[in-house]
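S.K.:
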Amino acid sequence: MKPFIIANWKQYLSIKESAKLFAQLLQLDRDSKMNGVDLIIAPSFVALPVLDAAKTKIKIAAQDCGATLVGAHTGAVSPTDLRILGATHVILGHSERRAEYFETDALIAEKIKAARAAKVTPIVCVGETAAERAAKKTRVVVGAQVRAALSAVKDPSELIFAYEPRWAIGMGTAVAPEDAAQIHAYIKDLANAPVRVCYGGSVSPENIAALLAEKNIDGVLIGGASAKFASLAACIKNAK
Ligand code: 13P
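Residue 37 is where the sequence shown starts when you use my numbering, and the numbers rise one by one after that.
1. Among A270, Y235, I96, I223, whose alpha-carbon lies nearest the alpha-carbon of D254?
2. Here's the rule: buried if 16 or more other CB atoms are within 10 angstroms of the residue's CB, otherwise exposed. What is G107?
3. Could you check where the beta strand (DSSP E) with H125 kicks off and where it finishes?
4. Taking 6 Å as the cut-off, is the C-beta of S267 nearer than that to any heavy atom in the ligand 13P?
5. Of the residues D100, K172, A198, L186, which one's Cα is nearest the Cα of C161?
6. Among residues of its own chain, excluding the 5 on either side of N243, which ones have a beta-carbon nearer than 6 Å to its beta-carbon?
7. Consider the C-beta atom of E239 and the heavy atoms of the ligand 13P; say whether any pair is separated by less than 6 Å.
8. Out of K276, A249, G237, L186, which one is the CA nearest neighbour of A261?
9. Measuring CB to CB, does P158 end up less than 7 Å from A151?
10. Please name the residue, chosen from A90, M207, K91, P79, that lies closest to A97 on a Cα-to-Cα basis.
11. Quick one, which of R183, A266, P201, E164 has its alpha-carbon nearest D141's?
12. Over what stretch of residues does the alpha helix (DSSP H) that includes N274 continue unbroken?
13. Taking the runs of the beta strand (DSSP E) that are 3 residues or longer, which of them lie wholly in the stretch 37-78?
14. Which partner residues of C234 appear in the DSSP bridge assignment?
15. Reducing DSSP to helix, strand and coil, say where I96 ends up.
16. On the DSSP bridge assignment, give the partners of V162 in chain order.
17. Measure the C-alpha to C-alpha separation of L61 and I127 and round it to an integer number of angstroms.
18. What I want to know is whether the C-beta of V248 ends up closer than 6 Å to one or more non-hydrogen atoms of the ligand 13P.
So this is what it looks like as structure tokens:
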């Protein structure tokens, strides 16, 4: 299967900057420089209406969604509308949402159900903190997060998982590929079905090839290095 790159633009780019970066990526695709990579970009909600991926191979993900399709939930965004705006995927349970917005496994499970009801594929982020890793609790923490996500679907293959150790996000140093791969294998064992698992946390043009060389690392979820054309294009180029 082709490796995939998910570009999580977080809150880095304005609508105008998102449109510009998207246009540069469309040109890369037209120039046949996608290097056999499946690219999914995750812009902010408000940039979705101006990015038209309809006639391209590039896919769009939202960075979050509401836990219901409709209702009295001020500020929530329905996965139905995300789908209408072209999002085929949605990132759920990102560690920044778990930490800054206190999202729980139970809430994330509800969001997974809502996304699936709207035929949007959840990219479920799991990962341990530095303290949990130091206490050798990585598998306990990741296992609980994965099981909660699996409880929300009938078929595990409806989900993509992203292993993002919290301590490796935005730090400039990724986890050793073989260490990440062991956790990926653990996640796949828990799913007990064909699921794709990508790695996130300080992925860069320098380390992407070594990460993707691991059998159990099916793709990468990139933050900082995905929000600038030069570094994202370099990641794509170096992916194989
Ligand atoms: P960085 O690539 O900036 O470490 O971010 C990783 C991430 O959180 C992607 O979702």
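A virtual CB, placed ideally from N, CA and C, is assigned to each residue, including glycine.
Being a predicted model, the structure only gives us computed values, none of them experimental.
M.R.: The structure says:
1. Y235
2. exposed
3. 123-128
4. no
5. The shortest C-alpha separation from C161 is found at A198.
6. Correct list, in chain order: A210.
7. Residue 239 is actually Val in this sequence, not Glu. Yes - the ligand 13P has a heavy atom lying nearer than 6 Å to the Cβ of V239.
8. G237
9. yes
10. P79
11. R183
12. 265-274
13. 40-44, 74-78
14. A198, G255
15. strand
16. Y199
17. 20 Å
18. Per the sequence shown, the amino acid found at residue 248 is Leu instead of Val. Checking every heavy atom of the ligand 13P against the Cβ of L248, none is found closer than 6 Å.
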